[in-house]
Amino acid sequence: MTRALLIGNSHVGPYLNALKHAEGEVALDLDCIAAFGDGLERYTIEDGVFCGNILDPKVTGRKGKGPFPGSEVRAVLKDYDVVLLTGLRFSIFQVIRVFRDLGLVTMDSSRDYATAAENGVTLVSEALLHRLIAERLSGSLMMQIARDIRAATDAPILVLAQPRPTRQVLVEGTRFETFCNAEERGEGDFVSKTYERLAQELCAGIAAHYVPQPPGTIDGGMFTDTSYMMGTLRPPFWKKNGRPVDFRHGNARYGARMLKHVARELETL
Amino acid sequence: MKNPYSDLPPKAFWKTGVVQTDKVHWPELFVPKFTISANSAVATAGSCFAQRIRQALADEEMPILDVEPAPAAVEGDLAREFGYGLHSARYGNIYTPRQLLELLQDMQKDAVHKALIWERDGRYVDMLRPNVEPDGCASVKEVLELRKQHLARLRELFETVDVFVFTLGLTEAWIHAPTGRCLPVAPGVIAGEYDPKLYRFHNFTHSELLKDLKAIRVLLRDIRKGVKIILTTSPVPITATASGDHALNASTYTKSTLRSVAGEMAMKFKDVDYFPGYEIVTTWARENPAYEANQRSIRPEVVAHVMAVFLDAYGLRKTGAADQAEPAKIHDDAEYLEGHDDDLVCEEILIEALQK
Chain A
78 MTRALLIGNS HVGPYLNALK HAEGEVALDL DCIAAFGDGL ERYTIEDGVF
128 CGNILDPKVT GRKGKGPFPG SEVRAVLKDY DVVLLTGLRF SIFQVIRVFR
178 DLGLVTMDSS RDYATAAENG VTLVSEALLH RLIAERLSGS LMMQIARDIR
228 AATDAPILVL AQPRPTRQVL VEGTRFETFC NAEERGEGDF VSKTYERLAQ
278 ELCAGIAAHY VPQPPGTIDG GMFTDTSYMM GTLRPPFWKK NGRPVDFRHG
328 NARYGARMLK HVARELETL
Chain B
-13 MKNPYSDLPP KAFWKTGVVQ TDKVHWPELF VPKFTISANS AVATAGSCFA
37 QRIRQALADE EMPILDVEPA PAAVEGDLAR EFGYGLHSAR YGNIYTPRQL
87 LELLQDMQKD AVHKALIWER DGRYVDMLRP NVEPDGCASV KEVLELRKQH
137 LARLRELFET VDVFVFTLGL TEAWIHAPTG RCLPVAPGVI AGEYDPKLYR
187 FHNFTHSELL KDLKAIRVLL RDIRKGVKII LTTSPVPITA TASGDHALNA
237 STYTKSTLRS VAGEMAMKFK DVDYFPGYEI VTTWARENPA YEANQRSIRP
287 EVVAHVMAVF LDAYGLRKTG AADQAEPAKI HDDAEYLEGH DDDLVCEEIL
337 IEALQK
């Protein structure tokens, strides 16, 4: 049985739920340290011990940064065969914003200056866009933790892709306008592939391994098939046709698909 | 007995105007020909030192034009590295009048040139502004389309500018022989490779520079009638010379010729003025050294004083920054050798780094 430490934010949910529902099917003995939002921002690693230092919302009175249900307080890193990281602002959500006003000549909607101007976007070089995305992802809490863990243990680090949103974000009036713009311009697939490539490069740069979102869970390049998100019932949710939908967090089905990928990755490491 | 000098003001005499004067504020050294108001649309261009002028004006909350601002997501060092926020457009440093003239002509004709692209390890570099894309471009098409965007934005700049401040930096330049175009940096410094058949050295003469500056004035006035021009000469010595002469002689030729031609333009045209920043920095009447240990970079407090004189002359200074300027850091030899002496983006200095 592989001993794994899962660190993240609310995006650990799919994995914990998947393991709950698939007892024995996945050969992982998993401990988890997670907090909602950026609740892990005060983490420390001292003498090989990862400590979440998650503040108790009952004490601080601040919602949204408390411990995720089932989270441990600390973990001795040498006790684990692999460290899994997910969420923590390492996602396509950080990248999509970059594409709001910027275009490349390799994108159909900005294939030349005249087209870019017509579509209200500024042309930039691919090099600048990649540097910008890399800067954003590198500055994420996930990458900070990954770098520090890398310095503290030789165990493999797998970065599990936070799922793309569902098409629910296209519902008028949500704050995910950037996804709507990219979809309208037909650039979803381009954005998605750019993100995947850079995420892999960045993780490789710190000797971590990026586990991308399984292709079968992806809808139209930039979105997650709704069936991999319905049922998370994690507030706040939106109602679509009377049914509550969480358009940002994978469900147990998503977690199970990803864990199969993790198992395969672990065999190759 | 009366003579032509007897009624002249103190500023006209070396003793009272230079030796005995206030060498921080330099009263009456610069009496502008025209006004710049807090609402004037000012644009800057030129050599590395032009970045200092732009920054000083921006610090005073002047409406400095920037037609190619960094995209909202691009900030800080990344923006500077990619040539944003250094000048009024993303043209990089413009060292010679010929370079500016040809840029304006490209803008008018909407002309982009496939021949003016260097290839470097599968990346493509715009010869006319090689420093704005430090990693190069992914394709020739990317270079050309980015350049088209640049030229379109330049039109916006020159259609709206009220006062154009142009800092003259060099007389020496490299010409791309097949196109005859003047480059901002020698081949092989940032990209490309020096091939004597493809590139030729040229040291502009006074008459050539004057002709180019006159043509620039005409073009600018064609686009924006009533535009005013302020010329300055960069007090930063040349990094290296390809003229065959000693660097000290070559630098003196460069700076004195540029100073002279700027002066002649200001004498000839009422809409052209000359700001004597060069004089403030280089005068031997200074009480404190103007240059860092490398004898090239200008000490920050001196830059602040220069810009205070400029701003005070137009009644634009609000911050009193020059009066509060901290003493300059003393750079030791190690820092000099590392070339870590100021925060300007300056491709010319790369030549020094490549010295054998």
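First to last, the sequence lines map onto chains A and B. Counting in the working numbering, the first sequence runs from 78 upward without gaps. Counting in the working numbering, the second sequence runs from -13 upward without gaps. For glycine and all other residues, C-beta sits at the position ideal for the given N, C-alpha and C.
Any beta-carbon of chain A closer than 9 Å to the one on residue 125 of chain B?
-> Residue-level contact by beta carbon holds for residue 125 of chain B and chain A, with a gap shorter than 9 Å.
Considering only residues of the same chain and omitting the five flanking positions on each side of residue -2 of chain B, which have a CB-CB separation below 8 Å?
-> For residue -2 of chain B, where only same-chain residues beyond five positions count, the Cβ hits under 8 Å are -9.
Along the stretch 222 to 234 of chain A, what residues have a CB closer than 9 Å to any CB found in chain B?
-> Taking 9 Å as the Cβ-Cβ cut-off against chain B, none of the residues of the stretch 222 to 234 of chain A qualify.
Any Cβ of chain A within less than 9 Å of the Cβ of residue 60 of chain B?
-> By the rule that beta-carbons nearer than 9 Å mark a contact, residue 60 of chain B touches chain A.
Ignoring anything shorter than 4 residues or poking outside the stretch 160 to 235 of chain B, list the alpha helix (DSSP H) runs there in chain order.
-> Fully enclosed alpha helix (DSSP H) runs of 4 or longer: 192 to 209.
In whole angstroms, what separates the C-alpha of residue 185 of chain B from that of residue 105 of chain B?
-> So the two alpha carbons sit approximately 15 Å from each other.
So is residue 299 of chain A buried or exposed if we call it buried at 16+ other beta carbons inside 10 Å?
-> Of the residues assessed, residue 299 of chain A falls on the buried side of the cut-off, its CB having 16 or more other CB atoms within 10 angstroms.
Boundaries (first-last residue) of the alpha helix (DSSP H) holding residue 62 of chain B = Note, residue 62 of chain B: alpha helix (DSSP H), 62 to 67.
Can the beta-carbon of residue 91 of chain A be found less than 9 Å from the beta-carbon of residue 240 of chain A?
-> A contact, by the Cβ cut-off of 9 Å.
Under 9 Å between C-beta atoms of residue 203 of chain B and residue 257 of chain B | Yes, the Cβ-Cβ distance between residue 203 of chain B and residue 257 of chain B is below 9 Å.
Option in B:62, B:224, B:70 and B:123 with minimal Cα separation from residue 282 of chain B | It is B:224.
At a Cβ threshold of 9 Å, is residue 312 of chain B touching chain A?
-> At residue 312 of chain B, the pLDDT of 44 sits below 50, so the modelled position is not reliable and the matter cannot be decided from this model.
Verify the CB distance criterion: does residue 214 of chain A have a CB-CB separation below 9 Å to chain B?
-> Chain B contact via Cβ: absent.
Have a look at B:129, B:48 and B:-11 and flag the residue whose alpha-carbon is nearest the alpha-carbon of residue 296 of chain B.
-> A check of alpha carbon separations from residue 296 of chain B across B:129, B:48 and B:-11 identifies B:48 as the nearest.
Kindly provide the ranges of any beta strand (DSSP E) runs that are 3 or more residues long and lie completely inside the stretch 286 to 311 of chain A, ordered along the chain.
-> Taken in chain order, the unbroken stretches of beta strand (DSSP E) that lie wholly in the stretch 286 to 311 of chain A and span 3 residues or more are 286 to 288.
Between the C-alpha atoms of residue 334 of chain A and residue 107 of chain A, what's the straight-line distance to the nearest angstrom?
-> Put simply, the backbone Cα of residue 334 of chain A is about 16 Å away from that of residue 107 of chain A.
Within-9 Å CB hit, residue 378 of chain A to chain B = With chain A represented from 78 up to 346, any question about residue 378 of chain A goes unanswered, as that position is not in the structure.
In whole angstroms, what separates the C-alpha of residue 188 of chain A from that of residue 270 of chain A?
-> Residue 270 of chain A has its alpha-carbon roughly 17 Å from the corresponding atom of residue 188 of chain A.
When you compare each of B:222, B:166 and B:159 to residue 229 of chain B by their alpha carbons, which one comes out closest?
-> Answer by Cα proximity: B:159.
Relative to the alpha-carbon of residue 144 of chain A, which residue among A:267, A:258, A:112 and A:253 has its alpha-carbon at the smallest distance?
-> Comparing Cα positions, the closest option is A:112.
Start and end of the alpha helix (DSSP H) containing residue 106 of chain B?
-> Secondary structure note for residue 106 of chain B: it is in no alpha helix (DSSP H), and the uninterrupted beta strand (DSSP E) holding it is 103 to 106.
What is the DSSP secondary structure of residue 255 of chain B, reduced to helix, strand or coil?
-> Annotated three-state conformation of residue 255 of chain B is coil, per DSSP.
Among all the DSSP beta bridges, which residues are the ones paired with residue 165 of chain A?
-> Answer is none; residue 165 of chain A lacks a bridge partner.
Of the residues A:80, A:175, A:210 and A:236, which one's Cα is nearest the Cα of residue 86 of chain A?
-> Ranking A:80, A:175, A:210 and A:236 by Cα distance to residue 86 of chain A puts A:236 first.
Determine the contact status of residue 82 of chain A and residue 109 of chain A, defining contact as a CB-CB distance below 9 Å.
-> Yes, they are a contact pair.
Residues within the stretch 180 to 203 of chain A neighbouring chain B, beta-carbon criterion of under 9 Å = Answer set for the stretch 180 to 203 of chain A: 181, 182, 183, 187, 188, 189, 190, 191, 193, 194, 199, 200, 201, 202 and 203.
Taking the C-alpha atoms as reference points, what is the distance between residue 302 of chain B and residue 23 of chain B?
-> Distance between the alpha carbons of residue 302 of chain B and residue 23 of chain B is about 7 Å.
Is it the case that the Cβ atoms of residue 198 of chain B and residue 187 of chain B are separated by a distance below 9 Å?
-> No, they are not a contact pair.
Express the C-alpha separation of residue 228 of chain A and residue 146 of chain B in angstroms, rounding to a whole number.
-> One C-alpha to the other measures close to 54 Å.
Inspect the CB distances between the stretch 276 to 290 of chain A and the stretch 192 to 206 of chain A and report whether three or more fall short of 8 Å.
-> Using a C-beta cut-off of 8 Å, the stretch 276 to 290 of chain A makes no contact with the stretch 192 to 206 of chain A, since fewer than three inter-stretch Cβ pairs fall below that distance.
Buried or exposed (CB count within 10 angstroms, at least 16 for buried), residue -11 of chain B | Taking every protein chain shown into account, the CB of residue -11 of chain B has fewer than 16 other CB atoms within 10 angstroms, so this residue is exposed.
Contacting residues, own chain, Cβ-Cβ under 7 Å from residue 141 of chain B (five flanking each side not counted) | So the qualifying residues of the chain are 93.
Go through its chain and collect everything with a Cβ distance to residue 160 of chain A's Cβ below 6 Å, but skip five positions before and after it.
-> Taken in chain order, the residues that qualify are 82, 226, 232 and 234.
Between which two residues does the beta strand (DSSP E) containing residue 111 of chain A stretch?
-> Unbroken beta strand (DSSP E) run through residue 111 of chain A: 105 to 111.
What residues from chain A crowd round residue 114 of chain B, counting only those whose CB sits closer than 8 Å?
-> Going along chain A, no residue has its Cβ under 8 Å from residue 114 of chain B, so there is no contact; the nearest lies around 15 Å.
Interfacial residues, the stretch 258 to 288 of chain A to chain C, with Cβ spacing under 9 Å | The chain inventory of the structure shown lacks chain C, comprising the protein chains A and B.
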